[in-house]
Structures are given as structure tokens and as C-alpha cells.
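Residue numbers (our numbering): 11 to 147. Beta carbons are placed, not taken as given, at the ideal position from N, Cα and C, and that holds for glycine. All figures in this text were calculated on a predicted structure; none of them were measured in a lab. What follows is a set of notes on a single structure, which appears directly below.
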């Protein structure tokens with residue numbers, strides 16, 4: 011049993027700890043790390059599942075050397091449980107904001123949201139919300 015624990019410890023040390031320390035020794039500044047972590051968490055709670063990685067990739071491409079990509083992605087992945095726990099409040103807030111009908115919370119509906127099958131309805135809701143806020147002259 012002790013041999014298995016040593017193997018896991020060596021793997022964790024070689025694959026996780028050493029690369030992280032090497033990245034930090036290359037000159038990542040505390041301000042850059044803090045900004046990247048904050049941005050990763052902020053983008054990580056975006057209410058559409060699966061879009062957060064794309065948003066983080068766009069942020070990394072646009073900000074370049076102003077953000078630390080591994081820290082941003084790590085914070086994004088750490089925010090996933092928060093994102094998933096906020097699905098219901100985001101749905102209810104969207105109903106109130108857009109004045110849309112009540113979205114029934116069944117296991118099938120949650121499955122559609124998580125698998126992206128409800129994307130059509132979500133995009134229509136976003137368009138309706140934006141259309142309702144744009145003043146017509």
C-alpha cells in the first residue's frame with residue numbers, strides 16, 4: 011500500500027507541483043496573478059455552460075502578457091461548481107428581467123441546459139432581453 015502512495019505522490023509532484031513552481035519562477039508578478047485569478051472566476055460564472063473556456067481563451071488572446079493564462083484557466087475551472095450552483099438563480103433572474111414565462115425545473119430541463127440542447131431557447135431569451143432594452147425611436 012505504501013508503494014502506491016509513493017507513486018501517487020511522485021506523480022502529483024512531477025505533474026502538478028513542479029510545473030506550477032516553474033511557471034511562478036519565470037516571472038509572474040503578484041498583480042498579474044491576482045488579476046488573472048479574478049478574471050478567471052468572473053468569466054467562470056458565466057451562466058451558459060461550456061462557454062466559459064471559450065471566453066477565457068478570448069481573454070487570454072486579447073490581453074496577452076497582461077494576464078497569466080494558467081492561473082486564469084485554473085480559476086475558471088475552480089469556478090465551475092459555483093457556476094453550476096447558480097444555474098437556477100440565473101434562470102429565475104432571467105425570467106424576471108425579460109418578463110418571460112416560468113421555466114419548469116424538471117430533470118429533463120436541467121439535462122437540456124447542461125448538454126447545450128437548450129441553447130436555442132437561451133439565445134432567443136438573450137435576443138428578447140436585448141431587444142427589450144434597446145430603445146425604439
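query, result
"Below 8 angstroms on the Cβ atoms is my guess for residue 42 versus residue 77; work out the distance and round it to an integer in Å.", "7 angstroms"
"Can you name the start and end residues of the alpha helix (DSSP H) that residue 53 belongs to?", "40-54"
"Measure the C-alpha to C-alpha separation of residue 114 and residue 121 and round it to an integer number of angstroms.", "12 angstroms"
"Taking Cβ to Cβ, would you say residue 85 is nearer than 8 angstroms to residue 47?", "yes"
"Need the endpoints of the alpha helix (DSSP H) that residue 86 sits in, please.", "79-88"
"For the pair the stretch 18-28 and the stretch 50-61, tell me if three or more CB-CB distances fall below 8 angstroms.", "no"
"Whole angstroms are fine: how far does the CA of residue 38 sit from the CA of residue 105?", "42 angstroms"
"Could you compute how far the alpha carbon of residue 100 sits from the alpha carbon of residue 49?", "19 angstroms"
"In this structure, does DSSP put residue 98 in helix, strand or coil?", "helix"
"Can you list, in chain order, the residues of its chain with a C-beta nearer than 8 angstroms to that of residue 96? Leave out the 5 residues immediately preceding and following it.", "55 and 57"
"Roughly how many angstroms separate the alpha carbons of residue 82 and residue 62, rounded to a whole number?", "11 angstroms"
"What separation, rounded to the nearest whole angstrom, lies between the Cα atoms of residue 23 and residue 31?", "10 angstroms"
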